[in-house]
Structure formats: C-alpha cells, structure tokens
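**Q** Shown below is the structure under consideration.
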Amino acid sequence: LLTWEELTEMCNSCARCGLSEKRRNVVIGVGDRNAKIMFVGEGPGEQEDIKGEPFVGAAGQLLDKMLKSVGLDRSVVYIANIVKCRPPYNRDPSASEQEKCLHFLRAQVALIKPRIIVCLGRIAACAIIDSEFKITRQRGMWYERKNYHITATFHPSALLRDESKKRPAWDDFKAIRKKLDELGQAD
Ligand code: SF4
Numbered sequence: 003l004l005t006w007e008e009l010t011e012m013c014n015s016c017a018r019c020g021l022s023e024k025r026r027n028v029v030i031g032v033g034d035r036n037a038k039i040m041f042v043g044e045g046p047g048e049q050e051d052i053k054g055e056p057f058v059g060a061a062g063q064l065l066d067k068m069l070k071s072v073g074l075d076r077s078v079v080y081i082a083n084i085v086k087c088r089p090p091y092n093r094d095p096s097a098s099e100q101e102k103c104l105h106f107l108r109a110q111v112a113l114i115k116p117r118i119i120v121c122l123g124r125i126a127a128c129a130i131i132d133s134e135f136k137i138t139r140q141r142g143m144w145y146e147r148k149n150y151h152i153t154a155t156f157h158p159s160a161l162l163r164d165e166s167k168k169r170p171a172w173d174d175f176k177a178i179r180k181k182l183d184e185l186g187q188a189d
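Under my numbering, the residue at position 146 of the sequence shown is numbered 148, and the numbers go up by one with no gaps.
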C-alpha cells in the first residue's frame with residue numbers, strides 16, 4: 003500500500019502516458035482523505051489543469067451546488083478523476099490512458115476506503131463498474147464490489163448541455179445521500 007506522500011510524488015512525476023506532455027498540473031484529487039464517499043469523473047479540463055484541482059470549472063460549480071442540495075460539501079467528500087492529466091481539447095481519455103492511470107485511482111480508493119463510490123458520467127462508470135455501462139439506463143442503480151457501494155450519475159457537464167438531465171441527476175443525489183445515511187447508521 004502506498005502512502006499519500008508516495009502517491010503524490012508518483013503522480014506528480016508520472017509520464018506513463020502521453021497526457022504528461024501538455025499538462026500544467028497533475029490533478030490528483032481534493033477533499034477529505036477519510037471521506038465515506040468518493041466522486042470520480044473522467045479527467046481534468048482546462049480550469050482544473052490550471053488550478054491543479056478537480057471540478058473547479060463550470061461543471062465543478064454545478065457539482066458543488068448538487069452536493070450542497072443534499073447537505074454535502076467538497077470538504078467532506080473526496081473528488082478525483084480516472085486520468086490525472088488533462089486530455090487535449092477535453093477529448094475523452096483513451097482506453098490505454100485510462101488503463102495506465104487507473105492504478106493511481108485504485109491506490110486512492112485503498113487509502114480512503116470510502117463506503118460509496120459515485121461515478122460521474124459514462125467514462126468513469128465504464129472504467130469502474132462495467133465496460134458496457136449505459137449511463138442513461140443504468141444511472142442510479144447500485145452495485146456492490148468488495149466493501150464498496152458503487153453507483154453512477156450523469157457528469158455535471160452533461161447537465162450543463164442538457165437541462166432535462168438535471169431532475170434525474172438530482173434524484174440520484176438524493177438517493178446517494180440516503181444510502182450514505184443508511185450506511186452511517188450501520189457503522
Ligand atoms: S494521465 Fe495518469 S498515467 Fe498519464 S501521465 Fe498523467 S498521471 Fe501518468
């Protein structure tokens with residue numbers, strides 16, 4: 003098991019995939035390292051690359067609002083991405099980039115030991131839950147792996163593009179909050 007210091011050092015000096023070439027910052031993650039709940043997106047965008055923090059652009063502000071609507075804050079959850087460096091022009095990270103980076107996310111999960119993992123969007127859900135995951139049909143469903151309760155909802159940037167997804171996403175957030183409360187009581 004890596005320590006946080008080792009993980010940070012390895013990420014910051016990583017050149018395992020081509021995304022290392024144009025990055026300004028490696029975007030490792032943000033939040034509570036003892037969080038019960040972890041949110042995982044696909045990769046950093048422009049603002050995230052500049053600031054070195056995940057979900058700080060328009061999609062991040064919407065994520066903060068959604069969290070707040072169910073009484074959560076980014077300081078009490080942990081937020082990370084499948085790939086830690088920005089794909090150029092915000093394209094999807096390739097399968098090989100994801101594969102090369104995923105061990106860092108696995109190390110984060112092993113350190114944090116969250117009870118719940120929420121995949122934000124199709125790419126994260128395909129990497130974590132099932133490579134054939136259909137976000138529109140399977141979002142909001144719960145999967146149990148080892149000790150983790152895993153679910154997926156729309157990526158906040160999809161909500162910015164399509165208002166009609168906001169209501170189902172909000173339902174997902176309410177269900178996530180309910181699951182968190184149930185698991186809290188079981189502790
Ligand atoms: S995206 Fe991941 S694997 Fe690729 S260089 Fe960045 S940290 Fe390394």
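Even glycine gets a Cβ: it sits at the ideal position worked out from N, Cα and C.
Per DSSP, which one or two residues make a beta bridge with V42?
**A** A82, C121
**Q** Using only alpha-carbon positions, find the residue among K53, E101, E48, L107 that is nearest to R88.
**A** If we check each option's Cα against that of R88, E48 comes out closest.
**Q** Is it the case that the segment 60-68 contacts the segment 133-144, given that we only count it when at least three CB pairs across the two stretches are under 8 angstroms?
**A** no
**Q** Is the distance from the Cβ of A171 to the Cβ of L161 below 8 angstroms?
**A** yes
**Q** By Cβ distance, which residues of its chain are closer than 8 angstroms to Y80, with the 5 residues on each side in sequence left out?
**A** Only G31, V32, G33, D34, R35, A37, I39, M40, F41, Q110, I114, P116 meet the Cβ criterion.
**Q** G45 and V85 look like a contact to me (Cβ under 8 angstroms); what is the Cβ gap, rounded to whole Å?
**A** So it is a contact: roughly 4 angstroms between Cβ atoms.
**Q** Relative to the C-alpha of Q100, which candidate in K167, N83, E8, E23 has its C-alpha closest?
**A** N83
**Q** With which residues is I152 paired in a DSSP beta bridge?
**A** I119, Y145
**Q** Can you tell me which residues form a DSSP beta bridge with V58?
**A** The partner list for V58 (beta bridge, DSSP) is empty, contrary to what the question assumes.
**Q** Determine the direct distance from the alpha carbon of D75 to that of D66, and round the result to whole angstroms.
**A** 7 angstroms
**Q** Tell me, which residues are paired with G33 by DSSP?
**A** Y80
**Q** Looking only at C-alpha atoms, which of I125, I130, M143, R26 sits nearest to K53?
**A** When C-alpha distances from K53 are compared across I125, I130, M143, R26, the shortest belongs to R26.
**Q** Quick check on the burial criterion: 16 or more other C-beta atoms within 10 angstroms. Buried or exposed for E55?
**A** buried
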